[in-house]
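Under the UniProt record's numbering, the first residue of the sequence shown is numbered 1, with each subsequent residue one higher. Here a beta-carbon is modelled for each residue, glycine too, at the ideal position from N, C-alpha and C. What follows is a short report on a single structure.
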Amino acid sequence: MHWEGIHHSNTVTRRYPLFNRGRVSFLDEFVKLVSCVLPFILRENQPINNFSCTANKAIIFASKKVALVTHRAHDPDLAMPPNSRKLFGAFKVIVWVLVVFHTSEAKKSKQNAPATCPIGFSIAYTKEDGDPICYRLKGPEKFSDKFVDCAGNLFTWDLFADLVSIPHDGRIWSDYKTLYPGGPFIDWSFAESTGNILTSTFRVGYDTEQGINDEFCTVFDEQKNLLAVKCNERYHRYCFVRPYEYSDLKECDSVSNYIRFWSPRASCLRASRGVEGSVIRATWRQAKDLCAKEGTSLMQRGWRYANYPGLHLSNASEIRSEPLGLIMTPGEKLMWLDFDDGNRAVERSEWTFRTHTFPVNSSLVALVDDEWQLVDSAHVFYNVICEKAVHLPRVNLTIRNEEGKLLLTVDDSSVKKDDIWCFSDSVIFYPSRVQVSQTQVPSEYLLGTITEGYYWCIHSNSVNFTVSESNKELYIRDPSAVENLYAIKIRARRKYSFENLDKLSKIWSKKLSEYLYLRTHYLQQYGQFKTQDVKEIEDVLKKYKHESGGWSDDDDVVLYQKIKRVYLDRKTVLLHALISSEVMPSSPGLWDDLEVVYMRPTYHCKGFGNVLTSHLGKSYRYR
């Protein structure tokens, strides 16, 4: 076989052109493959993703060559030399063994490497990569309190499932919430998975007696079964953060020589020094005054960082203790010194005292070996940590419709575009991510619109800000195109699933077409029904169908239909249907095991007589 433009001068090259196409010899490629794997042997303690040439690349490289040989095996001119084939096959096995071995060793090295968590946190490792995660239970709290006392909470349902088993009792919040009352569960984690639908929504433990008119959130039990509960109920929740060694600690911007901590609480801390750098020896009140001179306060809400090695300058005492900015008031009320977010009181559920039997003459709080303890005014500390509170700002997001374009305004210029995620319900019954692009106006963004529906955005940076959501703004491309678009809520007799929704939608469309056709023609002929009972009206229409011949597929009634909302009862559905202008809207009714709960205009009220077509929500007064 001859390769055009290439002249082969030796026997091997002519017979095995696959391994020399005028570029590189097989031996060269083999050497290249060997050099690709050597880092695994020479640098066995480093993670795979740090290599300039990984085993993954090597396997891909090897697989391509083997695939080419297999594909062309029927052509003797393209076959691999026998010795090379054996050598290459053996080397491929070696590559795989090295990858498995290195992955296992990398996971072990991560688990054996230093990983220190803030006080009160335990450590767990992911099953796949052995990455360390610090965790603790907080609460009880509402669903919306995910980032309260846990800035940058890394918890997601997928990450939790990937961790080596964490023992827990009782019900724990997950990150799933209904998009609308009674609807399917959507990921509300403010992580990359935000907006994803929980595909097992209909397997969540749900009591039908709860109805479909409320918002629901999910908790999980000891067996990791998800259960639907009201979002304002209170349960514990996991706070996930990274160990100190994996955190991006740096100096504070607002105060020099202070370390900036991010999660679980935004704070700046520093170990205070004595005169000319001497060892500290101070009572609680002296320590308070010492921090005040620096424009800061005694360590308070950032107390969980007290075990960070960089905050300890003295070994004068075998027992590690630091004064805390906490005071026990009469009546056993525990109060912070400052007013953070207007709140000073500490809930009893957050107390971490070693014992709840308190000395009579002690009202000052110290952190002793990671636990709270009451001390008197004469107690001497050899380590004092001062704190400068960091308040996370809340970003306001506002969407407005300006000349058919949806524009988002952000009131903080430091917000990054990548931290703004926008969604729409215009496509299907769960959120669809939409494109966001910067306009020429600072802190203003243009949303990519898909079709008619509501659009909204979230700000996802939970480390530097308090997370926030925008308003929901309605977008209508062409008002005239939705004049005959109706929201029709129906209730079927049999339960549906995600898998058969498309099939059932076609059946519902036919039933609605027949019902609306017969009802319209009956009213046009007879003026009105003699009864208001929906079952009796169904019987009247069935008789009329038999007499008139009824509806056929050639009669245009429902011109277009899509499923807009599904519900936890698996029987109720909200449809958006474009109806023929000749068809009358229906009041609640029954037809062939299908209940029409209501039929309303979606976005516009269609005009009639001297009443103008208008947006929903507008009203007119006529004399």
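Residue i in three-state terms, based on DSSP
i: residue 502; result: helix
i: residue 78; result: In this prediction, residue 78 scores a pLDDT of 45, lower than 50, which makes its location untrustworthy; the coordinate-derived value is nonetheless stated afterwards. Helix, per DSSP.
i: residue 305; result: helix
i: residue 600; result: strand
i: residue 450; result: coil
i: residue 593; result: coil
i: residue 577; result: strand
i: residue 187; result: strand
i: residue 192; result: coil
i: residue 310; result: helix
i: residue 143; result: helix
i: residue 166; result: coil
i: residue 245; result: helix
i: residue 366; result: strand
i: residue 507; result: helix
Beta-carbon spacing of residue i, residue j below 8 Å
i: residue 151; j: residue 397; result: no
i: residue 587; j: residue 516; result: no
i: residue 117; j: residue 309; result: no
i: residue 177; j: residue 217; result: yes
i: residue 453; j: residue 426; result: yes
i: residue 567; j: residue 212; result: yes
i: residue 285; j: residue 377; result: yes
i: residue 265; j: residue 142; result: no
i: residue 241; j: residue 154; result: yes
i: residue 485; j: residue 602; result: yes
i: residue 324; j: residue 365; result: yes
i: residue 194; j: residue 460; result: yes
i: residue 248; j: residue 171; result: no
i: residue 519; j: residue 501; result: no
i: residue 363; j: residue 328; result: yes
i: residue 456; j: residue 498; result: no
i: residue 119; j: residue 307; result: yes
i: residue 224; j: residue 214; result: no
i: residue 462; j: residue 147; result: yes
i: residue 267; j: residue 387; result: yes
For residue j and residue i, the rounded distance between their alpha carbons
i: residue 236; j: residue 186; result: 20 Å
i: residue 312; j: residue 174; result: 37 Å
i: residue 472; j: residue 563; result: 20 Å
i: residue 305; j: residue 482; result: 57 Å
i: residue 183; j: residue 375; result: 53 Å
i: residue 576; j: residue 545; result: 26 Å
i: residue 534; j: residue 134; result: 59 Å
i: residue 338; j: residue 344; result: 7 Å
i: residue 580; j: residue 127; result: 57 Å
i: residue 467; j: residue 262; result: 15 Å
i: residue 326; j: residue 335; result: 6 Å
i: residue 558; j: residue 228; result: 35 Å
i: residue 354; j: residue 369; result: 10 Å
i: residue 526; j: residue 506; result: 30 Å
i: residue 447; j: residue 480; result: 22 Å
Cβ of residue i within 8 Å of any chain C Cβ
i: residue 570; result: This model lacks chain C altogether; it includes just one protein chain.
beta-carbon residue i near the ligand ATP non-hydrogen atom, thresh 7 Å
i: residue 541; result: This structure does not include the ligand ATP; it has no bound ligands of any sort.
Limits of the alpha helix (DSSP H) - the one that residue i falls within
i: residue 127; result: Segment: none, residue 127 is in no alpha helix (DSSP H) and carries neither H nor E.
i: residue 162; result: 157 to 162
i: residue 285; result: 284 to 293
Segment limits, beta strand (DSSP E) that includes residue i
i: residue 269; result: 267 to 271
i: residue 372; result: 371 to 375
i: residue 197; result: It is not in any beta strand (DSSP E) - residue 197 carries neither H nor E in the DSSP assignment.
i: residue 492; result: 485 to 492
i: residue 173; result: 172 to 178
i: residue 279; result: Taken as a continuous stretch (DSSP letters only), residue 279 belongs to no beta strand (DSSP E), as it is neither H nor E.
i: residue 151; result: No beta strand (DSSP E) contains residue 151, which DSSP labels as neither H nor E.
In chain order, each beta strand (DSSP E) run of at least 3 residues that lies wholly inside the region 519 to 567: 558 to 566
Every unbroken alpha helix (DSSP H) within the region 324 to 359, with a cutoff of 4 residues, ordered by chain: Within the region 324 to 359, there are no complete alpha helix (DSSP H) runs of at least 4 residues.
Unbroken stretches of the beta strand (DSSP E), 3 residues or longer, contained in the region 386 to 455: 397 to 402, 405 to 410, 420 to 424, 432 to 434, 436 to 438 and 444 to 447
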